[in-house]
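Colleague: One structure, pasted below without further comment.
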Amino acid sequence: MGIYLSSPKTDKASEDGENGRLRYGLSSMQGWRATMEDAHAAYPDLDGSTSFFGVYDGHGGKAVAKFCAKYLHQQLLKHEAYLAGDIGTSAQKSFLRMDEMMRGQRGWRELAILGDKIDKVSGVIEGLIWSPKAGDVNNGEDKDHFNDWPSEEGPHSDFDGPNSGSTACVAIIRDNRLIVANAGDSRCVISRKGQAYNLSKDHKPDLENEKDRILKAGGFIQVGRVNGTLNLARAIGDVEFKQNKHLPVEKQIVTANPDITSVELCDDDEFLILACDGIWDCMSSQQLVDFVGEQIKRESKLSTVCERVFDRCVAPTAGGEGCDNMTMILIQFKRPVSADASVADQSLSSEQSSKVDKVSEWSSEIDKVSEHLSENDKTSEQSSKIDKTPEQSSKIDKTSGVTE
């Protein structure tokens, strides 16, 4: 079987939901591809004040993407940083934790199940018979993980992790704070008064800081691909590119270490889009924001809007753009009701004017973020932070891989 079907699979798996803060719709479609390797996660009530959404675009198989969709948000909740309110650090640790969890007998077994390589009912395959490894009781030494992933004995105990992999682009919303974590070329875009702002950067090997890391770790770039094969500079999985024992995880040829972007939401923020490159290969960020903005004026079901995006993007013939798997999550923010809304002719108070000024500052600052994320000629240090004044720092901040 080749990578493309004779005709596209255009049936769509869709879902809608909401809570008091937002509503969302999502959809996925296999399209022309011979297999569906995307996965997603949507938890509008991850806890009492937090929503979680993630898009995972697999390559070399679907197992790693499905593993992330199953476990990444769970790991987010378990870190001390999350409990302390540091969602960015917790997200970064959760990305890196995926690579750790996919090792050994248990990692192999879980990936085999998710990749449909063993019978999910009978489990008849070498390596499924297992037992917890002796001495694996945690006793509380590793407070981050709470012994949530005990090792197992079996024929695959020395499994170093999968050579397949996945992107991961997640959006975490707590109160009026949005945190985006990204590794790979899936993308998160916010619409503010109809203007598209990229909140993630596509991690391609030819970006200057990515290229610098790849070369220093002993890799090379050929025809825009890492070691001539992988067209991503960051991904979860892909263990063959993470073998340098003398380097930390964030300095490997390919790393799962995410960029973290944090912004304060305001009343002019309309909706958020998470999508895999099957969409972004066909439409720019602004084109998609324009299309969605028009659609939601006449379509209340957000998953239907996602489906219409797919119908617009899917290619008429196999080959080229519009032939990839497609996954998209659309999140629409619910606006709070203003106590002064009934006074139509009331002029702005000095306090309200100040808020407008701050929104203008926020708009300027997020412009800088988008410009920063799109620039290729940056050093690693430059891409790890955004200069900001003390007044602006409460509105938006960005780090590239939060460190402990």
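Residue 382 in numbering that gives the first Met the number 0 sits at position 383 of the sequence shown, and the numbers go up by one each step. From the three backbone atoms N, C-alpha and C, an ideal C-beta is built for every residue, glycine too.
1) Between the alpha carbons of Leu45 and Arg191, how many angstroms are there, rounded?
2) Output yes or no for whether 8 Å exceeds the beta carbon distance between Ile416 and Ala83.
3) Quick check on this structure: which residue in Glu320, Gln285, Leu301, Arg173 has the alpha carbon closest to the alpha carbon of Leu416?
4) Using the C-alpha atoms, what's the distance from Asn324 back to Gly1?
5) Three-state secondary structure (DSSP) at Ala216?
6) Alpha carbons only, please: which of Glu79, Gly106, Thr49 is nearest the one belonging to Tyr420?
7) How about Glu14: is its Cβ closer than 7 Å to a heavy atom in the ligand COA?
8) Can you give the beta carbon distance from Phe309 to Lys11, rounded, assuming they're within the 8 Å contact cut?
9) Determine the DSSP secondary structure at Ile171, reduced to helix, strand or coil.
10) Using alpha carbons as the reference points, say which of Ile178, Val169, Ala195, Gln194 lies closest to Asp184.
11) Counting pairs of Cβ atoms below 8 Å between the region 153–162 and the region 225–240, do you hit three or more?
12) Do you know whose CA, among Asp37, Ala68, Leu95, lies nearest His78's CA?
13) Would you kindly work out how many angstroms separate the C-alpha atoms of Val222 and Gly87, rounded to a whole number?
14) May I ask you to list the residues that DSSP assigns as paired with Tyr23?
15) Do His39 and Val54 have their beta-carbon atoms positioned less than 8 Å apart in this structure?
16) Taking the CB atoms as reference points, tell me whether Trp279 and Arg212 lie closer together than 8 Å.
17) Leaving out five residues before and five after Thr49 in sequence, what residues of the same chain have Cβ atoms less than 6 Å from its Cβ?
18) Measuring only the C-alpha atoms, how far is Asp266 from Met97?
19) How far does the beta strand (DSSP E) with Phe270 in it reach, from first residue to last?
20) Ignoring anything shorter than 3 residues, give me the beta strand (DSSP E) runs that lie fully in the region 29–101, in order along the chain.
21) Which of the three DSSP states, helix, strand or coil, is assigned to Asn208?
22) Once DSSP output is grouped into helix, strand and coil, what is the label at Glu109?
23) At what residues does the alpha helix (DSSP H) containing Val308 begin and finish?
Modeller: Here's the rundown:
1) On the sequence shown, residue 45 is found 46 positions in, with the first residue counted as 1. On the sequence shown, residue 191 is found 192 positions in, with the first residue counted as 1. Each residue's alpha carbon lies about 25 Å from the other.
2) Because residue 416 is not part of the residues shown, which for the chain are 0 to 403, the question remains open.
3) Residue 416 lies beyond the stretch modelled for the chain, which goes from 0 to 403, so this question has no answer here.
4) Position 2 of the sequence shown holds residue 1. Position 325 of the sequence shown holds residue 324. Those two C-alpha atoms are separated by around 15 Å.
5) In the sequence shown, the residue the question calls residue 216 occupies position 217. In the structure shown, Ala216 sits in coil (DSSP, three-state: anything other than H, G, I, E or B).
6) Lying before the first or after the last residue shown, residue 420 is absent from the chain, which here runs from 0 to 403.
7) What this structure holds is no ligand at all, so the ligand COA is not there to describe.
8) Mapped onto the sequence shown, residue 309 falls at position 310. Mapped onto the sequence shown, residue 11 falls at position 12. The pair is a contact, with the Cβ atoms about 7 Å apart (cut-off 8 Å).
9) As a position in the sequence shown, residue 171 is number 172, starting the count at 1. Three-state DSSP puts Ile171 in a strand.
10) Your numbering for residue 184 matches position 185 in the sequence shown. Here the closest residue by C-alpha is Val169.
11) yes
12) Counting from 1 along the sequence shown, the entry for residue 78 is found at position 79. For the set Asp37, Ala68, Leu95, the Cα lying nearest the Cα of His78 is the one of Leu95.
13) As a first step, residue 222 must be located in the sequence shown, where it is residue number 223. As a first step, residue 87 must be located in the sequence shown, where it is residue number 88. Straight-line Cα distance between these residues: approximately 34 Å.
14) Position 24 of the sequence shown, counting from 1, holds the residue named residue 23. For Tyr23, which the question treats as bridged, DSSP gives the partners Gly16, Ile330.
15) The count along the sequence shown starts at 1 and reaches residue 54 at position 55. The count along the sequence shown starts at 1 and reaches residue 39 at position 40. Yes, they are a contact pair.
16) Indexing the sequence shown from 1 puts residue 279 at position 280. Indexing the sequence shown from 1 puts residue 212 at position 213. In this structure, Trp279 lies away from Arg212, with their beta-carbon atoms at least 8 Å apart.
17) For the purposes of this step, residue 49 is taken as residue 50 along the sequence shown, with counting starting at 1. Correct list, in chain order: Arg173.
18) Looking up residue 266 in the sequence shown gives position 267. Looking up residue 97 in the sequence shown gives position 98. Near 35 Å, if we compare the C-alpha coordinates of Met97 and Asp266.
19) Taking the first residue of the sequence shown as position 1, residue 270 is located at position 271. Phe270 -> beta strand (DSSP E) spans 268–274.
20) 37–46, 49–58
21) Position 209 of the sequence shown, counted from the first residue, corresponds to residue 208. Correct three-state label for Asn208: helix.
22) On the sequence shown, position 110 is the one that residue 109 refers to. Three-state result, Glu109: helix.
23) Within the sequence shown, numbered from 1, the residue matching residue 308 stands at position 309. From DSSP, the alpha helix (DSSP H) with Val308 extends over 301–312.
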